[in-house]
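Inspection log for the structure reproduced underneath, given as structure tokens.
Residue numbers (the working numbering): 298 to 514.
Right, dumping it as structure tokens:
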């Protein structure tokens, strides 16, 4: 299993999956829908799945003395690692914006979703949706990835649009709390994100294993 994981990170992965982690830096951008940075990280992971198909990576992995379950598990470990590295980068930048940069005018007067703990909750929700819609969708065939990615894009951008819209509804401005204002609500939003990410990823993994084991490649 360890060697299979090493293969994922050293041989199978597309370099863009690593480079696109840097889109987490978009969290610094003022007056910009910063959740779009999550989409670009997912796009980077998508490039690796495209490489899997072009290089017949799945067919090669099947020939190795490993189970189909281990193949799915290794892919999920790779995907989650890229996601969590991006999340960590966004977390660090968010803390900077909530502390050292809290008095910067362009951040204070930002009409769009600000970088706070609720923003981080949304980040995890979108990553979770990627895992249950795209990664799980890929393992239905082990080959086709177009429709699963389109499905994720539609749902992902609906979530981004919803996140940007809710903060303008009277009474829900609290979701865009700046700095450490309304910390209890912010922590609740982050907790919901952690919960949904864990749930979506777990369901995506379990269903991927179930469907992939039935495929005759």
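We treat Cβ as the ideally placed atom computed from N, Cα and C, and that holds for glycine. Please read all numbers here as calculations on a predicted model, not as lab measurements.
- In this structure, residue 305 lies near residue 375, with their beta-carbon atoms less than 7 Å apart.
- Secondary structure note for residue 506: its alpha helix (DSSP H) is the uninterrupted segment 480-509.
- For a cut-off of 8 Å, the C-beta gap from residue 331 to residue 324 is around 5 Å, short enough to register as a contact.
- Per DSSP, the continuous alpha helix (DSSP H) segment holding residue 458 begins and ends at 443-463.
- Separation of residue 303 and residue 484 (C-alpha to C-alpha, rounded to the nearest whole angstrom) is 35 Å.
- C-alpha of residue 403 to C-alpha of residue 389: approximately 19 Å in a straight line.
- Proximity of the segment 420-435 to the segment 451-465 meets the contact definition, three or more beta-carbon pairs being nearer than 8 Å.
- In this structure the segment 397-414 does not lie against the segment 344-354, because fewer than three pairs of beta carbons, one per stretch, are closer than 8 Å.
- In summary, residue 486 is buried, with 16 or more beta-carbon neighbours lying within 10 Å of its beta-carbon over all protein chains present.
- Residue 348 carries a helical assignment under DSSP once its states are collapsed to helix, strand and coil.
- Of the residues 459, 499, 397, 313, the one whose Cα lies closest to the Cα of residue 333 is 459.
- Three or more Cβ pairs drawn from the segment 375-385 and the segment 407-427 lie within less than 8 Å of each other, which places the two stretches in contact.
- The C-beta separation of residue 369 from residue 505 comes to about 5 Å, placing the pair in contact by the 8 Å criterion.
- Between the alpha carbons of residue 482 and residue 412 lies a distance of about 14 Å.
- Rounded to whole angstroms, residue 358 and residue 499 show a C-alpha spacing of 22 Å.
- In the DSSP assignment, residue 325 falls outside any alpha helix (DSSP H), carrying neither H nor E.
- Boundaries of the alpha helix (DSSP H) harbouring residue 395: 365-395, taken from the DSSP string.
- Distance from residue 426 to residue 456 at the Cβ level is roughly 7 Å; contact confirmed, criterion being Cβ atoms closer than 8 Å.
- If you draw a straight line from the Cα of residue 414 to the Cα of residue 489, it comes to about 11 Å.
- Under the three-state reduction of DSSP, residue 309 is assigned to helix.
- Shown here for residue 436: same chain residues with a beta carbon closer than 7 Å to its own, the five before and five after excluded, namely 369, 505, 508, 509 in chain order.
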